[in-house]
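Below you'll find the structure, written out as structure tokens, and then a few comments.
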Amino acid sequence: MSLRVYNSLHQKKEAFVPLNAGKVRIYACGPTTYDYIHLGNARPLVVFDTIRRYLDFIGYEVTYVQNFTDIDDKIIKRAQDLGEDPLELAARFIEEYYKDASALNVRKATIHPKVSDHLPEITEMIEKLIQGGQAYEVDGDVYFHIPAFPNYGCLSGRTLEDLQAGARVEVDERKKHAMDFALWKAAKVGEPAWDSPWGKGRPGWHIECSAMALKYLGEQFDIHGGGQDLIFPHHENEIAQSEATVGSGPMAKYWIHNGFITVNAEKMSKSLGNFFTLRQILQKFSGDVIRFYLLATHYRSPIDFDDSKLEGARKSLERLRTSRELLREKLSQEAVGGLTKAGHLHTEALAEQLQKTRIMFFEAMNDDFNTALAISQLFDLARETNSLMHQDTNAYCQETKKLLQQVADTFDEFAQVLGLQLKAEKEQGDSALVEGLLELIFSIRTEARKKKDWATADLIRDGLKDLEIVLEDTPQGTRWKKK
RNA sequence: GGCGGCAUAGCCAAGUGGUAAGGCAGAGGUCUGCAAAACCUUUAUCCCCCAGUUCGAAUCUGGGUGCCGCCUCCA
Numbered sequence: 148m149s150l151r152v153y154n155s156l157h158q159k160k161e162a163f164v165p166l167n168a169g170k171v172r173i174y175a176c177g178p179t180t181y182d183y184i185h186l187g188n189a190r191p192l193v194v195f196d197t198i199r200r201y202l203d204f205i206g207y208e209v210t211y212v213q214n215f216t217d218i219d220d221k222i223i224k225r226a227q228d229l230g231e232d233p234l235e236l237a238a239r240f241i242e243e244y245y246k247d248a249s250a251l252n253v254r255k256a257t258i259h260p261k262v263s264d265h266l267p268e269i270t271e272m273i274e275k276l277i278q279g280g281q282a283y284e285v286d287g288d289v290y291f292h293i294p295a296f297p298n299y300g301c302l303s304g305r306t307l308e309d310l311q312a313g314a315r316v317e318v319d320e321r322k323k324h325a326m327d328f329a330l331w332k333a334a335k336v337g338e339p340a341w342d343s344p345w346g347k348g349r350p351g352w353h354i355e356c357s358a359m360a361l362k363y364l365g366e367q368f369d370i371h372g373g374g375q376d377l378i379f380p381h382h383e384n385e386i387a388q389s390e391a392t393v394g395s396g397p398m399a400k401y402w403i404h405n406g407f408i409t410v411n412a413e414k415m416s417k418s419l420g421n422f423f424t425l426r427q428i429l430q431k432f433s434g435d436v437i438r439f440y441l442l443a444t445h446y447r448s449p450i451d452f453d454d455s456k457l458e459g460a461r462k463s464l465e466r467l468r469t470s471r472e473l474l475r476e477k478l479s480q481e482a483v484g485g486l487t488k489a490g491h492l493h494t495e496a497l498a499e500q501l502q503k504t505r506i507m508f509f510e511a512m513n514d515d516f517n518t519a520l521a522i523s524q525l526f527d528l529a530r531e532t533n534s535l536m537h538q539d540t541n542a543y544c545q546e547t548k549k550l551l552q553q554v555a556d557t558f559d560e561f562a563q564v565l566g567l568q569l570k571a572e573k574e575q576g577d578s579a580l581v582e583g584l585l586e587l588i589f590s591i592r593t594e595a596r597k598k599k600d601w602a603t604a605d606l607i608r609d610g611l612k613d614l615e616i617v618l619e620d621t622p623q624g625t626r627w628k629k630k
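If you're matching positions, the first sequence starts at 148 in my numbering and goes up one per residue.
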């Protein structure tokens, strides 16, 4: 099966055919940088990073643009509260953003444009819209005139009448139509401002994305993504601005929107105050666990957040890690002997499972990036792999070793696509001192066990367990890992 | 009021016409000094309710119930 994606524009799954063969251009709305990101913000990062990785993996040349909104009302307000320069505040949180993204193993986009670097492109686009009659200026503000764009509402499935019926905002009397939205806002005292044909001011919320997408991806591109809450008005307005500017559409062939993170079934959001910053969560769980948690549910479904769910994700991921770890250990051993009859059966079964996993993984990803289903294939592979490794060493000959190597490669390959590390926690940075002390303690315990001094052995094991270090005694010696 | 989404085992979660993936938790077993990990077995006569279409529906249609989102900044 070839790739199919759910296109919000038509509300159905469609075959994915990029505009230019072999190349995919993606634009994803990035954060407004006035604070640390919360888990809800992290979801699209991981989702679109994964989509990008997958497209890349199946051979497309991907250009991925993710913007930073560094000029915005909320930034200005926050900066005023903190007595900081708005652009400096925004720049500071862009740096913090990169740290969070990196903790989640989110690759940098091909281009990360900032609004503040694109004022010329923005004003140029606004001028075109004014010339084309789709925008007008009032007292230094510029508005997009919605009735001038007949296709308005195509993404959100609304008509102008629907919108007016549901209007909850006070209407600015100077606007020609109640739903007209700002392209340019005249500067108020103390706000950052840029020169424009309409006087000093700053861009409205939506125009930046239109201008930057146009600059880096052209008049039409393949995928435009973001959270479902951006469908209206943000993406609807982007479509209006962009398509009115270039005189044709669609701006993007496929629109992809991720579902929300909820807390007690309510959307996690700043205004409700029910959010958890990624930083807070990272204190309890690794980025790998958080990423796994986000990918274990289909990207369009809501995910209800609480610690117990993350704990569940941690345990699930642990299973895959353990399997990968056992594989590493096994492969470091010398292959000996010939294949026994039982070993032969297990090898056959694993070879079959490997093939099935490879097929099913791609089928799952091809079906609208079904990462949840793709991940479940890894569990099936892990079970069959463990089962083989569980057999006695007679089964471990050159033939099985070769197969296990293929399995290990598949694990790594697919983990890479999903952006998961599958590394045991202990590999993620411990000081030489800690490592050394642990080795010492283990050797003491091993001596105790040799003397059948179980009391001492158990004392050490229990003590380490309290420090979240788990010991496992195996015929090959004692193994340890962090909880 | 308008537009949209969701409802699957104790929990999480796939599955959009062919007879319920996977994970966690639970139970029994193998292994182990005891554990842990791993493996094996086991855990939904049924997918919110009602009616319909069909040889056949969790999956399609109609109606209902409940929850959520957007319509204002929000991923």
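From the three backbone atoms N, C-alpha and C, an ideal C-beta is built for every residue, glycine too.
Ranked by Cα distance from P380, the first of Y363, G365, Q367, G351 is G351. The alpha-carbon separation between F368 and V209 amounts to approximately 11 Å.
For G337, there is no enclosing beta strand (DSSP E), as DSSP marks it with neither H nor E. Excluding the 5 residues flanking it on each side, A360 has same chain C-beta neighbours closer than 6 Å at Y174, in chain order. Straight across, the Cα-Cα distance linking L425 with E560 is about 27 Å. DSSP places W601 in no beta strand (DSSP E) but in the uninterrupted alpha helix (DSSP H) bounded by 601 to 613.
Exclusion of the five residues before and after S395 leaves no residue of its chain whose Cβ lies closer than 6 Å to its Cβ. Taking the C-beta atoms as reference points, S343 is found nearer than 8 Å to T270. Contact check for G374 and H404: beta-carbon distance about 6 Å, within the 8 Å limit, so the pair qualifies.
Taken atom to atom, the span from the alpha-carbon of E231 to that of K417 is near 21 Å.
Beta-bridge analysis with DSSP links E413 to V410.
CA-to-CA, the gap between I354 and F204 works out to about 32 Å. Unbroken alpha helix (DSSP H) stretches of 4 residues or longer found wholly inside the segment 204 to 276: 220 to 229, 233 to 250, given in chain order. In the structure shown, F291 adopts extended strand secondary structure according to DSSP, grouped into three states.
Per DSSP, T424 lies in no beta strand (DSSP E) segment and is marked neither H nor E. For the 8 Å CB-CB criterion, V212 and L364 form a contact.
Here L150 carries a coil assignment [DSSP, helix/strand/coil]. The residue among T625, N411, I218 with its C-alpha nearest the C-alpha of E476 is T625.
A buried status is given to H382, since no fewer than 16 other beta-carbon atoms sit within 10 Å of its beta-carbon. Where V164 is concerned, there is no enclosing alpha helix (DSSP H), because DSSP gives it neither an H nor an E. If you look at T625, you'll find it in the beta strand (DSSP E) that goes 624 to 629. Here the alpha carbons of T494 and N384 stand approximately 57 Å from one another. The Cβ atoms of L467 and A529 sit closer than 8 Å to each other. Residue pairing from DSSP places W331 in a beta bridge opposite V289, P350.
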